[in-house]
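Here is the structure we will look at, set down as structure tokens.
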Amino acid sequence: MTVSVVLFTSDLRLHDHPALRAAVEAADEVVPLFVRDPAVDRAGFASPNRLAFLADCLTDLDSGLRERGGRLVVRGGDTVTEVCGVARRTGADEVHMAVGHSAFAHTREARLRRALAADGRRLRTHDAVTTVVPPGDIVPQGSDHYAVFTPYFRRWSGEPLRTPLAAPRKVRVPNGLRSEGPPTRASVPGVSEGLATGGETVGRRRLGAWLSRHADAYGTGHDDLGGDATSRLSPYLHFGAVSATEAVHRARSRGGQGAEAFVRQLCWRDFHHQVLAARPETATEDYRSRADHWRRGEEAEADLRAWREGRTGYPVVDAAMRQLAHEGWMHNRGRLLAASFLTKTLYIDWREGARHFLDLLVDGDIANNQLNWQWAAGTGTDTRPHRVLNPVLQGKRYDPDGAYVRRWVPELAELPGARIHEPWRLKGQDRAAYDYPEPVVDLADGLARFRHARGRD
Ligand SMILES: Cc1cc2nc3c(=O)[nH]c(=O)nc-3n(C[C@H](O)[C@H](O)[C@H](O)COP(=O)(O)OP(=O)(O)OC[C@H]3O[C@@H](n4cnc5c(N)ncnc54)[C@H](O)[C@@H]3O)c2cc1C
19 MTVSVVLFTS
29 DLRLHDHPAL
39 RAAVEAADEV
49 VPLFVRDPAV
59 DRAGFASPNR
69 LAFLADCLTD
79 LDSGLRERGG
89 RLVVRGGDTV
99 TEVCGVARRT
109 GADEVHMAVG
119 HSAFAHTREA
129 RLRRALAADG
139 RRLRTHDAVT
149 TVVPPGDIVP
159 QGSDHYAVFT
169 PYFRRWSGEP
179 LRTPLAAPRK
189 VRVPNGLRSE
199 GPPTRASVPG
209 VSEGLATGGE
219 TVGRRRLGAW
229 LSRHADAYGT
239 GHDDLGGDAT
249 SRLSPYLHFG
259 AVSATEAVHR
269 ARSRGGQGAE
279 AFVRQLCWRD
289 FHHQVLAARP
299 ETATEDYRSR
309 ADHWRRGEEA
319 EADLRAWREG
329 RTGYPVVDAA
339 MRQLAHEGWM
349 HNRGRLLAAS
359 FLTKTLYIDW
369 REGARHFLDL
379 LVDGDIANNQ
389 LNWQWAAGTG
399 TDTRPHRVLN
409 PVLQGKRYDP
419 DGAYVRRWVP
429 ELAELPGARI
439 HEPWRLKGQD
449 RAAYDYPEPV
459 VDLADGLARF
469 RHARGRD
């Protein structure tokens with residue numbers, strides 16, 4: 019009897035899984051393994067919302083494997099020790115896993131490869147499991163990555179894609195292997211009340227339903243905050259419960275402007291992954307330094323607190339921050355507004371904002387979070403790094419009837435139409451009727467401070 023191990027990391031699915039497929043084809047029996055490694059938590063990747071979503075994903079993966087005659091083996095401990103232990107115990111020659119793109123993933127992979135080799139076993143890594151096009155596969159002349167999205171998108175769009183793989187029909191797991199079983203969401207404290215349910219089953223259902231019912235409206239509606247018309251697939255993609263490659267295939271075969279716009283967004287995901295893979299230090303350091311001396315001290319701390327709590331006095335920014343706290347997710351336009359407001363209008367370090375987002379976002383990941391923050395702060399790949407989004411104009415444009423603000427800032431709900439975006443215009447008793455803070459900063463002052471800091475006044 020030959021045995022192989024497949025190590026799941028951020029690829030928690032059965033459909034379109036090249037590493038699982040290779041493991042099933044390579045041996046009579048397979049150990050589908052997930053290791054709950056405390057090093058992952060220590061590295062800051064774990065948060066209550068992501069741990070709860072992970073628990074759903076693992077439970078669903080286990081059920082899917084059981085329907086196919088197998089089960090998921092869950093172990094707690096150091097990944098390398100646990101994988102080597104399982105491989106030794108079962109006599110597995112090969113371990114299969116997806117290539118990861120963060121510095122953490124590279125180190126883990128290198129350690130595992132060495133430890134397995136010392137035992138006479140082999141690590142086989144599989145590309146294009148988490149991204150559609152692997153980082154480094156397409157590069158411009160003279161560089162190891164694309165720094166501008168549009169030419170990257172052009173190249174990316176012409177790349178041949180592998181055909182999505184079906185889920186295996188049968189998975190035979192060796193008997194007698196110890197497993198802690200998947201964790202439960204109920205065991206995770208501090209989870210956002212409105213957090214989505216995780217897992218491949220829910221993710222695939224969402225992908226199918228969204229493509230058939232909502233994709234057409236996406237081209238024009240993706241920025242409409244109140245319309246909430248985006249796919250909300252980001253957490254499923256982040257945990258690999260849905261394959262990005264399969265999502266691109268299905269969107270392309272559906273066709274239409276909305277589906278094309280959706281594919282373009284999926285390309286942004288790959289774009290940030292290839293930047294991070296080439297420049298792992300950009301998780302914490304400026305991709306392009308603007309010689310910023312970010313505000314610090316008590317006043318800046320108070321502004322940061324108001325921003326985190328959704329009490330800046332700018333309704334659309336506050337709505338976005340409260341959505342984040344309640345759902346562990348935020349609309350993309352809200353993320354852009356909240357990030358521009360923090361880094362440019364308040365001139366506070368993007369790392370502060372990125373940290374708060376990572377604490378709460380269920381889809382929070384190093385590539386997309388840190389590099390989108392840098393994009394918004396003008397230290398990343400934005401070709402217009404000094405633009406500042408005005409939260410009032412943006413609110414009126416992307417939430418024209420105030421539906422989004424009304425949903426998340428209920429104390430302003432009675433303000434009609436777009437007037438909800440400027441509560442400070444109310445006078446006297448009318449203003450006093452609303453228990454809502456005054457703006458933490460005057461927009462013109464914030465803009466002048468930012469321009470001055472960037473030497474553009
Ligand atoms: C400051 C800031 C922080 C962000 N942090 C994250 C993060 O930690 N994790 C994350 O997945 N996305 C992040 N994004 C990108 C984007 O906001 C989310 O991916 C998107 O809002 C998720 O909603 P959706 O699934 O409905 O997206 P849709 O509009 O339906 O798009 C489909 C998919 O495309 C990808 N995508 C869309 N926009 C982007 C983008 N700008 N960058 C990278 N991928 C994108 C996502 O995987 C998304 O699920 C961030 C954006 C900003 C401005």
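Numbered by the numbering used here, the letters in the sequence shown go through residues 19 to 475 in order.
For each residue, glycine too, the CB sits at the ideal point set by N, CA and C.
Assigned exposure category for residue i - 16 Cβ within 10 Å defines buried
{"i": "G109", "result": "exposed"}
{"i": "G276", "result": "buried"}
{"i": "E218", "result": "buried"}
{"i": "Q392", "result": "buried"}
{"i": "S358", "result": "buried"}
{"i": "P409", "result": "buried"}
{"i": "A462", "result": "exposed"}
{"i": "Q447", "result": "exposed"}
{"i": "G273", "result": "exposed"}
{"i": "T125", "result": "exposed"}
{"i": "G160", "result": "exposed"}
{"i": "N386", "result": "buried"}
{"i": "P207", "result": "exposed"}
Distance CB(residue i)-CB(residue j) smaller than 8 Å
{"i": "R368", "j": "A338", "result": "Per the sequence shown, the amino acid found at residue 368 is Trp instead of Arg. No. Outside cutoff."}
{"i": "W442", "j": "E432", "result": "no"}
{"i": "V260", "j": "F71", "result": "no"}
{"i": "V49", "j": "V42", "result": "no"}
{"i": "R472", "j": "R306", "result": "no"}
{"i": "S249", "j": "W228", "result": "yes"}
{"i": "R111", "j": "R140", "result": "Before going on, a small fix: residue 111 reads as Asp here, not Arg. Yes. Within cutoff."}
{"i": "H33", "j": "A279", "result": "no"}
{"i": "S22", "j": "V92", "result": "no"}
{"i": "P169", "j": "P158", "result": "yes"}
{"i": "S65", "j": "D377", "result": "yes"}
{"i": "S284", "j": "V266", "result": "Before going further, note that residue 284 is Leu rather than Ser in the sequence given. Going by C-beta atoms, L284 is nearer than 8 Å to V266."}
{"i": "Q388", "j": "T263", "result": "no"}
{"i": "E345", "j": "L213", "result": "yes"}
{"i": "V166", "j": "T397", "result": "no"}
{"i": "G382", "j": "R68", "result": "yes"}
{"i": "L183", "j": "H349", "result": "no"}
Nonlocal neighbours in the same chain, by C-beta distance under 6 Å from residue i, ignoring five residues either side
{"i": "T149", "result": "D288 and H291"}
{"i": "S8", "result": "What is shown of the chain runs 19 to 475, which leaves residue 8 out entirely."}
{"i": "D46", "result": "M19 and T20"}
{"i": "L30", "result": "C75, L79, F257, G258 and A259"}
{"i": "L364", "result": "D321"}
Residues near residue i by beta carbon distance below 7 Å, same chain, minus five either side
{"i": "D478", "result": "Residue 478 falls outside the range modelled here, since the chain spans only 19 to 475, and no answer is possible."}
{"i": "D336", "result": "G328, R329, T330 and V427"}
{"i": "L354", "result": "A394 and L407"}
{"i": "I476", "result": "Here the chain comprises residues numbered 19 to 475, so residue 476 is not present and cannot be evaluated."}
{"i": "H232", "result": "A247"}
{"i": "K100", "result": "Sequence check: residue 100 is Glu here, not Lys. These residues qualify, in order along the chain: V53 and R93."}
{"i": "C102", "result": "A133, L134 and D137"}
{"i": "T361", "result": "W368, G371, A394 and A395"}
Cβ shell of residue i (< 8 Å), same chain only, five flanking positions each side left out
{"i": "L83", "result": "L32, P50, R89, L90, V189 and V191"}
{"i": "D162", "result": "G154 and A296"}
Q. Taking only runs of the alpha helix (DSSP H) that begin and end inside the region 405-474, which ones reach a length of at least 4 residues, in chain order?
A. 409-416, 421-426, 446-450 and 461-471
Q.
Please give the ranges of any alpha helix (DSSP H) in the region 295-363, keeping only runs that are unbroken, at least 4 residues long and fully inside the region.
A. 316-327, 333-345 and 350-358
Q | Unbroken stretches of the alpha helix (DSSP H), 4 residues or longer, contained in the region 147-176 | A | 167-175
Q. At which residue ranges does the region 26-61 contain complete beta strand (DSSP E) runs of 3 or more residues, listed in the order of the chain?
A. With a minimum length of 3 residues, the continuous beta strand (DSSP E) runs that stay inside the region 26-61 are 47-54.
Q: Counting only runs of 3+ residues fully inside the region 77-153, write out the beta strand (DSSP E) ranges in chain order.
A: 91-94, 112-116 and 140-144
Q. Taking only runs of the alpha helix (DSSP H) that begin and end inside the region 187-251, which ones reach a length of at least 4 residues, in chain order?
A. 218-231 and 233-239
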